[in-house]
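For reference, the structure discussed in these notes is given below.
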């Protein structure tokens with residue numbers, strides 16, 4: 004019975020170098036949507052999924068990408084343990100056909116430990132584009148294992164070939180003792196010997212007679228040069244933000260009008276159910292109003308920004324940005340890999356903290372985690388866009404895009420500054436060296452990108468914001484309506500923070516909103532709105548025009564808006580990011596420093612901006 008069970012459910016590991024398409028293969032076989040990115044180091048932890056092959060259930064494990072079993076980083080240790088686990092039934096090694104000799108180094112090392120292996124030569128479409136050809140039969144004979152050829156764009160063919168290969172492997176191994184006993188370093192040749200063997204095998208199976216010069220190399224010489232790389236980065240960010248700002252305004256107005264038109268009918272429905280007036284008021288004018296604001300303001304810009312961000316990622320431009328920023332991080336005594344995690348932070352700071360696992364040095368990994376929140380994440384972009392649109396670029400989308408780009412660049416400069424300060428104080432050390440692999444430029448799959456960005460990013464972030472916004476609306480309503488000595492609780496909070504707020508060019512309501520918005524940055528502006536509305540300034544908010552009036556009636560100026568933007572980028576990370584830092588660093592101490600360090604910078608910068616403004620203006 005147990006033997007039959009073992010044959011009906013087996014474990015197989017996906018192994019390979021970074022950025023060879025492992026996650027794509029994993030998604031194809033399991034039907035899951037593990038996020039893939041066109042850069043090395045994107046997967047930093049093993050993913051697991053079920054793969055049904057006829058009457059056999061395969062537990063498919065996607066190990067982190069690694070170049071060698073001789074691990075030099077945490078993710079390579081995870082990959083090595085997965086690959087060499089003797090419990091597994093087999094390993095599928097995914098190789099990039101465009102640079103087979105490099106990928107064969109890992110394959111040869113795995114074959115020294117186990118023989119239940121399938122070689123999957125991926126990216127064959129790119130191989131043909133370069134005028135290369137690979138003799139799969141000869142490679143199979145030389146390695147002594149089954150070899151299949153696949154293309155990431157042909158999912159059905161890929162799945163069919165892998166199913167056939169895996170079923171044959173399982174059948175062949177039913178009564179065979181697999182040579183797998185865990186990692187044994189003595190089994191490996193020296194790196195030099197393995198590299199020589201890999202090059203020799205590649206020479207025998209790769210035909211280069213019609214090889215064409217790689218155009219991407221010529222493009223990279225231009226994009227990675229200091230004179231062109233940084234301006235290109237700025238111009239591309241400008242284009243992305245211009246499209247976002249220009250495209251989000253009209254849908255946001257329509258969505259806002261629709262959602263706020265339902266507020267009073269909701270109140271009437273709740274009243275008709277016999278609920279008390281305070282319950283109806285809290286639900287409709289508290290919880291629902293914040294929800295309506297979050298959805299109408301956040302959804303349109305995210306629905307535009309995230310697909311474009313994902314397109315840049317799939318195209319392969321983000322690693323080029325990291326390459327250009329490597330020099331800057333070296334000047335800050337940090338690792339250049341921090342540039343990659345910083346780019347990840349444009350999506351989600353918490354995900355970027357997990358992505359810091361790709362940095363080998365603990366000191367440099369901590370530097371990256373502690374400074375990650377200075378890059379505006381997807382939860383802060385809608386707030387930045389809204390404030391810029393209302394106070395600085397109401398009539399010009401181009402001006403708005405320029406200012407948002409400037410805000411991102413300011414966040415990058417703040418990251419450099421704080422990294423330098425920390426590396427000279429509590430995290431002293433010498434920067435380590437690393438090799439950044441630039442992936443090939445790839446034509447993004449537009450349909451796939453849109454679907455993935457909508458479901459994996461836009462709806463995920465919006466859902467998180469909605470879940471947090473509803474309770475926040477309730478809390479704000481309670482704070483505004485529960486009184487002590489005829490003064491509401493929220494008024495006490497606002498008054499308490501008012502002196503510091505004034506010093507920073509803000510006010511007590513804004514600082515209170517940031518404190519109550521610790522669960523998620525997405526709800527800071529809605530909380531500001533609720534605080535002001537609780538004081539009776541405006542009965543309802545239908546769009547940015549009404550919200551602008553609300554803010555100006557409560558003393559906002561261009562200086563207030565500027566400091567709001569600065570503090571939104573330079574303050575504590577959200578609760579999810581703080582918890583991620585604690586988990587990754589293993590101590591609340593570093594989570595506390597991650598909270599205090601950007602906060603101190605934000606207070607100093609806002610105070611300085613306010614002082615200079617009052618002195619010169």
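Numbering (this note's numbering), first residue to last: 4 to 620.
A virtual CB, placed ideally from N, CA and C, is assigned to each residue, including glycine.
Residues 530 of the same chain have their beta carbon placed closer than 6 Å to that of residue 519, with the five preceding and five following residues left out of the count. Contact annotation: residue 114 and residue 120 have beta-carbon atoms nearer than 9 Å.
Within 10 angstroms of the beta-carbon of residue 574 lie 16 or more other beta-carbons, which makes it buried. Measuring C-alpha to C-alpha distances from residue 500 to each of 601, 517 and 445 identifies 517 as the nearest. By the Cβ rule, the segment 54 to 71 counts as touching the segment 81 to 95, because three or more pairs are nearer than 8 Å.
Judged by their CB atoms, residue 56 and residue 191 are not nearer to each other than the 9 Å cut-off. In this structure, residue 241 and residue 404 form a Cβ contact; the two beta carbons are roughly 5 Å apart against a cut-off of 8 Å. Relative to residue 135, the option among 111, 206 and 95 whose CA is nearest is 206. As computed with DSSP, residue 571 is found in no beta bridge at all.
Judged by DSSP in its simplified three-state form, residue 96 adopts strand.
Assignment of residue 59 by DSSP, reduced to helix, strand and coil, places it in the strand class.
For residue 17, the enclosing beta strand (DSSP E) begins and ends at 12 to 19. Per DSSP, the beta bridge partners of residue 491 are 486.
Under a 10 Å Cβ-count criterion, residue 58 is classified as exposed, with fewer than 16 other Cβ atoms of the shown protein chains found around its own Cβ.
For residue 433, there is no enclosing beta strand (DSSP E), since its DSSP letter is neither H nor E. Where residue 121 is concerned, the enclosing beta strand (DSSP E) starts and stops at 120 to 125. Residue 426 counts as buried, since no fewer than 16 other beta carbons sit within 10 angstroms of its beta carbon.
Restricting attention to 163, 466 and 86, the CA atom closest to the CA of residue 187 is found in 86. If you compare the alpha carbons of 597, 565 and 263 with that of residue 371, the shortest gap goes to 597.
For the pair residue 601 and residue 428, the CB atoms are not nearer than the 9 Å cut-off. Annotated three-state conformation of residue 64 is strand, per DSSP. Runs of beta strand (DSSP E) with 3 or more residues, each lying fully within the segment 272 to 324, are absent. Judged by pairs of C-beta atoms under 8 Å, the segment 547 to 560 touches the segment 387 to 398, as three or more such pairs exist. Pairing residue 222 with residue 235, the inter-Cα distance amounts to about 12 Å.
Annotation: the continuous beta strand (DSSP E) that includes residue 151 extends over 149 to 152. Taking 9 Å as the cut-off, the Cβ atoms of residue 16 and residue 94 count as close. Under the three-state reduction of DSSP output, residue 23 falls in the coil class, being neither helix nor strand. When DSSP reads this structure, residue 423 sits in no beta bridge, so it has no partner. In this structure residue 387 is not in contact with residue 533, their Cβ atoms being roughly 20 Å apart against a cut-off of 8 Å. The continuous stretches of alpha helix (DSSP H) do not include residue 377, and DSSP gives it neither H nor E. With a threshold of 16 other beta carbon atoms within 10 Å, residue 297 meets it and is buried.
Counting every other CB atom within 10 Å of its CB across the protein chains shown gives residue 332 a total of 16 or more, marking it as buried.
Annotation: residue 71 is outside any alpha helix (DSSP H) and is labelled neither H nor E by DSSP. When secondary structure is reduced to three states using DSSP, residue 51 falls in the strand class. Distance check between residue 245 and each of 137, 619, 304 and 566 places 304 closest, using alpha-carbon atoms only. Collapsing the DSSP output to three states places residue 521 in coil.
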